[in-house]
Structure formats: C-alpha cells, structure tokens
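Engineer: Numbering (my numbering), first residue to last: 23 to 326. Once you've had a glance at the structure underneath, I'll fire off some questions.
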Amino acid sequence: MLDGAFERAWRISDAVLRQRAGQICSHLPYHQRWLWDGTPLIGRRVRASSYHGLGDTVQFIRFAPLLLAIASDVVIEVQSALLPLLRAAFPQVPMLPLGGPLPSCEVAIELMELPHALRLSPEDLPGPFPYLYAPRLQPRGADSRLRVGLVWAGGKWRGERSLPPALLLPLTALPIDLIALQLGSDPADPGATELLHACRDTLPDNPTIEETAALIASLDLVITIDTMVAHLAGALGQPVWTLLDADADWRWMRHRRDTPWYPTMRLFRQQKPGDWPCLIDQVIAALTQLTHRAQPDQASPPVC
C-alpha cells in the first residue's frame with residue numbers, strides 16, 4: 023500500500039484471510055479487530071462497521087455507495103458524532119450509531135476492509151468528489167487576507183504526528199488570518215498559548231463535527247497534521263496541506279506530494295524522524311509565496 027500497489031496488497035490480504043480463518047478477535051481492541059472473512063458481498067445483506075478513528079470513517083465512507091450498488095441490503099455503523107454529516111451526504115445509505123442495536127446480516131465487514139473486498143486500485147480514487155458538504159457560515163466581507171486554519175496536535179495514538187506549536191509562530195508574521203482548528207491544546211505549553219492568542223478565530227468549546235466542517239469550509243486553506251481535520255477538509259474539497267512525520271501511515275504512500283485520496287491536498291513530509299523545523303520552513307516558504315500571489319482587489323487565489 024505504501025507503494026500504491028493495491029492489487030499486490032490484496033493478494034497478501036487474501037493470504038492473511040486464509041491464515042486466520044476460524045480465529046476469534048473479539049478480545050482485541052476495536053481498532054485491531056477484523057470482521058470480514060472473505061465472503062463475497064454481491065447480493066448479500068451487509069453490515070459495514072467503523073472500528074477505527076473519526077478520520078478513518080471520513081476517509082472510507084466514500085465507498086458506501088459502491089457497497090450499496092452490489093449488496094442486496096446495507097447498513098453502515100459509524101460513530102454517533104459523524105452521523106448528521108454523513109447522513110446528509112449519503113441519504114440513500116442506511117446508517118446507525120456505533121454500538122447500538124443492529125439488524126442481522128449475512129456479511130460483516132469493517133469499513134476500512136471495503137477497498138480490499140471491492141478490489142479497488144489507486145485509479146478508482148477519489149471517486150465522486152467532494153463527497154461531504156458543510157453548512158455555510160455568513161459570507162465574508164471585503165477583507166482579502168487569506169484565512170488559514172491550523173491543527174498541530176492529535177490524540178494519544180502515534181504522538182509523533184504532533185508538532186511543537188511554537189514552530190508555527192512565524193506564521194503570525196504573515197499577512198494572513200489564522201484560525202485555530204485545534205482541540206485540546208495543552209494549556210501549560212507557552213507556544214500553544216501564544217499561538218492561540220494570535221489566532222483571529224477558534225472553534226467553539228466542544229464543537230460538533232458539523233460546526234468544525236462549516237468553519238473549515240469558510241477557510242482558504244487548512245494546515246494540519248495527520249488527523250481527522252485533514253480527512254474532513256479533504257472530503258469537503260477544501261485546500262489542505264497535511265504535515266507528515268517520517269514514518270507516515272500507509273495511506274499517504276511514499277515520497278508523494280499529492281494523494282489520490284484527496285485532489286485538493288498537498289503533502290509535506292519530514293525527511294528524517296523528528297525534523298519538524300525543516301518541514302515547517304518549507305510550509306512557511308510556500309505560504310509566503312501564496313500570500314504574495316494574492317491581490318488586495320481580487321478573490322483569494324487557489325492554494326493547492
């Protein structure tokens with residue numbers, strides 16, 4: 023998958039399915055469980071469940087219509103927080119909250135197993151795009167400054183994804199309006215405190231996914247680490263720069279500055295583990311160039 027060789031990956035996955043036939047995984051954490059046993063999906067009653075993170079659900083929900091087209095009946099089980107946004111985007115797909123009562127099915131599959139079951143290739147991506155839609159905020163005024171959203175830290179999973187917020191402080195010197203999309207910033211981190219103070223706007227306390235999506239949709243650019251906001255901005259078709267650590271996840275492949283998953287996304291990669299300063303220098307240079315292209319009497323330029 024890192025090399026974009028999906029078909030070779032599916033052959034390996036087929037072998038894994040054969041090896042674990044009959045094994046029980048219910049004792050494992052949800053994100054390590056598998057559901058699909060290789061049973062074909064065509065013409066069957068299928069339940070697809072999302073046992074991974076919110077960003078994973080946002081990324082892989084795009085395949086729900088493909089599943090609906092081949093199965094006799096489908097229900098998708100996702101995190102409750104995502105239900106309003108996903109139901110609005112896919113009204114034809116039955117969706118239920120994760121962990122609630124479910125109808126019986128002939129085939130159970132994890133949402134992230136769908137590309138394997140459907141034998142997809144990079145050429146099948148991104149599919150219909152954008153595939154999520156956000157409620158629009160009030161129209162912007164005549165201010166032509168770029169509005170740039172920032173996320174610098176993720177959850178506990180893979181802490182190396184997060185970067186020191188102090189490295190982003192040079193962005194405050196640029197003629198842009200910074201918008202904090204960060205949740206759960208460390209109040210003891212002086213860099214985070216200074217950066218938040220410099221931001222023109224922030225998310226409300228305990229925002230819904232729809233509120234987050236609406237704010238993202240009002241921006242000219244999102245700059246984020248590998249977290250849910252990256253997937254949400256990409257699925258909304260918003261320009262997004264995703265900052266990747268040296269051991270980036272398989273979905274971002276190797277060496278690429280773009281991604282077949284999201285046409286409006288640009289990737290910035292660490293060249294060696296922990297080297298955020300060099301990567302941020304590249305971001306600052308790219309953003310400086312972008313601000314120079316913006317004309318005061320024109321609409322904001324495309325940023326991808």
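For each residue, glycine too, the CB sits at the ideal point set by N, CA and C.
1) Could you tell me the distance, in whole angstroms, from the CA atom of Ala257 to the CA atom of Asp211?
2) Beta carbon of Glu182, beta carbon of Asp267: below 9 Å?
3) Skipping 5 residues on each side, what residues in its chain have a beta carbon closer than 6 Å to that of His253?
4) Does DSSP put Gly181 in a helix, a strand or coil?
5) Helix, strand or coil for Asp319, going by three-state DSSP, please let me know.
6) Compare the beta carbon distance of Leu133 and Ser35 with 9 Å and say whether it is the shorter of the two.
7) From the DSSP output, in three-state form, read off Ser240 for me.
8) May I have a chain-ordered list of the beta strand (DSSP E) segments no shorter than 3 residues that lie completely inside the stretch 95–166?
9) Are the stretch 58–73 and the stretch 129–146 touching, with three or more C-beta to C-beta distances below 8 Å?
10) How many angstroms separate the CA atom of Thr310 from the CA atom of Thr194?
11) Counting beta carbon pairs with one atom in the stretch 110–130 and one in the stretch 91–100, are three or more of them shorter than 8 Å?
12) Touching or not, the stretch 168–176 and the stretch 282–294, by the rule of three or more beta carbon pairs under 8 Å?
13) Helix, strand or coil for Arg291? Go by DSSP, reduced to three states.
14) Which of the three DSSP states is assigned to Ile245 in this structure?
15) For Ile64 and Phe290, what's the separation of their Cα atoms in angstroms?
16) Are Thr313 and Leu200 close, meaning C-beta to C-beta below 9 Å?
17) Indicate whether Leu205 and Asp223 have their beta-carbon atoms separated by less than 9 Å.
18) Output the distance between the C-alpha atoms of Ile302 and Leu189, rounded to the nearest integer angstrom.
19) CA-CA distance, Arg273 and Leu225?
20) Would you tell me roughly how many angstroms separate the C-alpha atoms of Ile231 and Gln260, rounded to the nearest one?
21) Nearest to Pro62 by alpha carbon, out of Ser240, Asn228, Ala139, Pro148?
22) Ordered along the chain, which non-local residues of its own chain (more than five positions away) have a Cβ less than 8 Å from that of Gln304?
23) Alpha carbon to alpha carbon, how far is Gly213 from Glu142? Give it in angstroms, no decimals.
24) Helix, strand or coil: how does DSSP classify Ile92 here?
Structural biologist: In this structure, then:
1) 31 Å
2) yes
3) Gly77, Val80, Gln81
4) helix
5) Note that Asp319 scores 49 on pLDDT, short of 50, meaning its location in the model is unreliable and no value can be drawn from it.
6) no
7) coil
8) 95–100, 117–119, 129–132
9) yes
10) 11 Å
11) yes
12) no
13) strand
14) strand
15) 39 Å
16) no
17) no
18) 7 Å
19) 28 Å
20) 15 Å
21) Ala139
22) Phe290
23) The sequence shown places Leu at residue 142, rather than the Glu named in the question. Those two C-alpha atoms are separated by around 43 Å.
24) helix
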